[in-house]
Amino acid sequence: MKKILVANRGEIALRVMRSAKEMGVKTVAIFSEVDRCAPHVKYADEAVCIGPAPSSESYLLGSKIISIALDLNVDGIHPGYGFLSENPEFAQLVLEAGIEFIGPSPEAIALMGDKLSAKALVKAYDIPMVPGTDEAIQNVPEAKKRAKEIGFPILIKASAGGGGKGMRIVNREDDFEIQMKLAVSEAVSAFGNGAVFIEKYIASPRHIEIQILADKHGNVVHLFERECSIQRRHQKVVEEAPSSVLSEDLRNEMGQCAINVAKSCGYVGAGTVEFLLDEDKKFYFLEMNTRLQVEHPVTEMITGVDLVKQQIRIGRGERLAFSQNDLKISGHAIEVRVYAEDPHHDFMPDVGVLKSYKRPGGIGVRVDDGFEEGMEVPIHYDPMISKLITYGENRKESIDRMRRAISDYQVVGVSTTLPFGAFVMDHPAFVSGDFDTHFLSKYFTGKSIPSASKEEKEVAAWFAAKLINDHSTASMIVNASVESQWRKNRK
Ligand code: MV4
3 MKKILVANRG EIALRVMRSA KEMGVKTVAI FSEVDRCAPH VKYADEAVCI
53 GPAPSSESYL LGSKIISIAL DLNVDGIHPG YGFLSENPEF AQLVLEAGIE
103 FIGPSPEAIA LMGDKLSAKA LVKAYDIPMV PGTDEAIQNV PEAKKRAKEI
153 GFPILIKASA GGGGKGMRIV NREDDFEIQM KLAVSEAVSA FGNGAVFIEK
203 YIASPRHIEI QILADKHGNV VHLFERECSI QRRHQKVVEE APSSVLSEDL
253 RNEMGQCAIN VAKSCGYVGA GTVEFLLDED KKFYFLEMNT RLQVEHPVTE
303 MITGVDLVKQ QIRIGRGERL AFSQNDLKIS GHAIEVRVYA EDPHHDFMPD
353 VGVLKSYKRP GGIGVRVDDG FEEGMEVPIH YDPMISKLIT YGENRKESID
403 RMRRAISDYQ VVGVSTTLPF GAFVMDHPAF VSGDFDTHFL SKYFTGKSIP
453 SASKEEKEVA AWFAAKLIND HSTASMIVNA SVESQWRKNR K
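So for the sequence shown, this note's numbering puts the first residue at 3; every next one is plus one.
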């Protein structure tokens, strides 16, 4: 593989190209009209405009992307995450064009994309699953009978859903019928597939996922877990590796289960197996994500493995160069997702120009982003500005580094979730490691972080930036008062 096209934008496109460059692999970027000057376009060896801003007219145009790849003699297409990354038809078209799809087979994507077929598939491997129905429920009285056997509360899930979309909690038998009807009609309108199933509702779980790598020769390894319980409306906000609650034995057991899930569908490439862990430390398989995930960097930091390089090597047909015994966890990593959203206003997207944009740096700090100062955060795509990742010898050091890095990060022009990240790092429940998926709904309100008007913050940030750049005596005199103002506004 000498040249790859990255069918994505933003931080992940850049992330993929960096590894390709280290391997001497040429890169092709695609971009929409609003992304013409984006870093991923400048970074690539070649770049092609594919259409107007809306994803449906640009980054989702599978056939157009493939024809560009053919024109430019591309050997492989990396889909990143989102967009076409878990679209089995796209993967199939790429293969039919004689190009390597850097990811699993279309069959594996389709099997894992349907939650019921995934559960049916892994059943042969003795993998723990939440008690529930194996098949789509159709008949209400029968479903109600099953729900009573399982015991309320139960959860109704859409088979075509995933990531929390199309889920409904039912607390009492009396609510079952109406909730089931709502779930089915929601599933039909959201996914064009009304198949739903029921599971026992695990009330206070942790969300733990295992990273796996599989080559084309049947070798599969796991790269330990990521703890992803800190999420808001199924949007992860803080991830870390390793989890503070897994014993060595439990980690090995979950890792082996994840390997078996990958084997059940003949998986190839990098993938993630999601589990719930209940209060008694019992774990249950939920679903498999057949792409590189947003939070993959925390795994890279604690294992030293470049997951994108591995994806490319696997795509070339190489064997994994290491076995399970070669992999060790070293240190601790945390990722905070930085969104252009206003945590004071229910996380409304706050798009605009990054008037000032200064990344933190120094030991143990990694920033994966796709923006530069002066750029506009476009309204057309996901409002994630960057992923701030810190690494330390242990959890405390990575938390201390994250606090420092958040404080050193300067974004002026749009509201960001950085103060929200600081709130999590300072919270006793997070610091102690004792939390579950309800962390934010339990502890966070808009009032949890100090309010400062956008104008106040901008003025404070500009003064602070000026002071840092200007070491004159005069500025030293005002330093104390402006400095305290700056702190107050940020904390
Ligand atoms: C569950 C669950 C509890 N019990 N299934 C959410 C994402 C998707 N992959 C599956 N998810 C869950 N499935 C059973 N049987 C809890 C979650 C869940 C969750 C649910 C409500 C609110 C936040 C959540 C965060 C992570 C996981």
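All C-beta atoms, glycine included, are put in the ideal place defined by N, C-alpha and C.
Only a predicted model underlies this, so the values are computations on that prediction, with no experimental measurement involved.
- Query: DSSP state of A122, grouped into three classes?
  - Reply: helix
- Query: Run through DSSP, which three-state label would S231 get?
  - Reply: strand
- Message: Using only CA atoms, which one of E179, L113, I387, Y127 lies nearest to Q140?
- Response: E179
- Could you give the distance in angstroms between the alpha-carbon of R20 and the alpha-carbon of D217? 22 Å
- Task: Tell me whether Q313 counts as near ligand 1, meaning its Cβ is closer than 7 Å to at least one heavy atom of that ligand.
- Result: no
- When burial is assigned at 16 or more other CB atoms within 10 Å of the CB, is G26 buried or exposed? exposed
- Message: Which of the three DSSP states is assigned to A71 in this structure?
- Response: helix
- Query: Does the stretch 31 to 48 come within contact of the stretch 7 to 14, defined as at least 3 CB pairs closer than 8 Å?
  - Reply: yes
- Item | Rounded Cβ spacing between Y359 and E375 (contact assumed at less than 8 Å) | 4 Å
- Message: What would DSSP say about Y393, mapped onto helix, strand or coil?
- Response: strand
- Message: Between which two residues does the alpha helix (DSSP H) holding S428 run?
- Response: It should be pointed out that residue 428 corresponds to Asp in this sequence rather than to Ser. Taken as a continuous stretch (DSSP letters only), the alpha helix (DSSP H) holding D428 covers 420 to 428.
- Between which two residues does the beta strand (DSSP E) harbouring V50 extend? 48 to 53
- Quick one: give me the first and last residue of the alpha helix (DSSP H) that Y445 is part of. 441 to 445
- Rounded straight-line distance, which links the Cα of V340 to that of G372: 12 Å
- Query: What did DSSP end up calling R293 once you bin it into helix, strand or coil?
  - Reply: coil
- Query: When the Cα of G319 is compared with those of S87, E102, D328, F92, which residue comes out closest?
  - Reply: E102
- For Q140, does the three-state DSSP call read helix, strand or coil? coil
- Burial state of M290, where buried means 16 or more other Cβ atoms lie within 10 Å: buried
- Task: Identify which residue in L294, M169, D410 has its Cα closest to the Cα of V186.
- Result: M169
- Message: Let's see if you can read the secondary structure: which residues bound the alpha helix (DSSP H) around G257?
- Response: 250 to 266
- Proximal residues to L322 (C-beta, below 6 Å), its chain only, five neighbours per side dropped: D217, N221
- Quick one: what's got a C-beta closer than 7 Å to V433's C-beta in the same chain, skipping five residues either side? I401
- Smallest Cα separation from L215: which of T305, V50, H346, I204? T305
- Task: List the residues that DSSP assigns as beta-bridge partners of V355.
- Result: E378
- In or out: V142 buried (at least 16 other Cβ within 10 Å) or exposed? exposed
- Query: Any idea which residues DSSP pairs T274 with across the strands?
  - Reply: Q213, N291
- Message: Quick check on this structure: which residue in P362, H209, I381 has the alpha carbon closest to the alpha carbon of V355?
- Response: I381
- Under the three-state DSSP convention, the category L86 falls into: coil
- Message: Quick check: does the Cβ of K202 come within less than 7 Å of any heavy atom belonging to ligand 1?
- Response: yes
- Message: If you follow the alpha helix (DSSP H) that L495 is in, where does it begin and where does it stop?
- Response: Only positions 3 to 493 of the chain appear in this structure, which leaves residue 495 out of reach.
- Task: Give the straight-line distance between the Cα atoms of H42 and I32, rounded to the nearest whole angstrom.
- Result: 9 Å
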